[in-house]
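S.K.: Could you have a look at this structure, given as structure tokens, before my questions?
Residue numbers (our numbering): 133 to 217.
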């Protein structure tokens, strides 16, 4: 089965979980350069997952306030980051 960017299927969710777990394990490396590289990749991956999930929530009718509450930020912050002009 092909995956579509921005669409979370069961298979892509499993791959995502594996990717995050692998990066998290590398973030605990004794080699600080390996750890820092993994942390940077984790930031990027989590930012991507957050954006996709916010889009899914909005497409599902979730209000900005509820999304903001889930992320622990203000409604204005989440709208500024993910809202469309």
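We put the beta carbon where it would ideally sit given N, CA and C, even for glycine.
Please name the residue, chosen from 155, 206, 196, that lies closest to residue 172 on a Cα-to-Cα basis.
M.R.: Closest option to residue 172, Cα to Cα, is 155.
S.K.: So, with DSSP's three-state summary, where would you put residue 179?
M.R.: Helix.
S.K.: Under 9 Å, do residue 186 and residue 199 count as touching if we go by C-beta distance?
M.R.: Yes; because the gap between Cβ atoms is below 9 Å, this pair is in contact.
S.K.: For residue 210, I'd like the list of residues in its chain whose CB is within less than 8 Å of its CB, leaving aside the five on either flank, ordered along the chain.
M.R.: These residues qualify, in order along the chain: 186, 196, 199, 200, 203.
S.K.: Mapping the DSSP letters down to three states, classify residue 158 as helix, strand or coil.
M.R.: It is helical.
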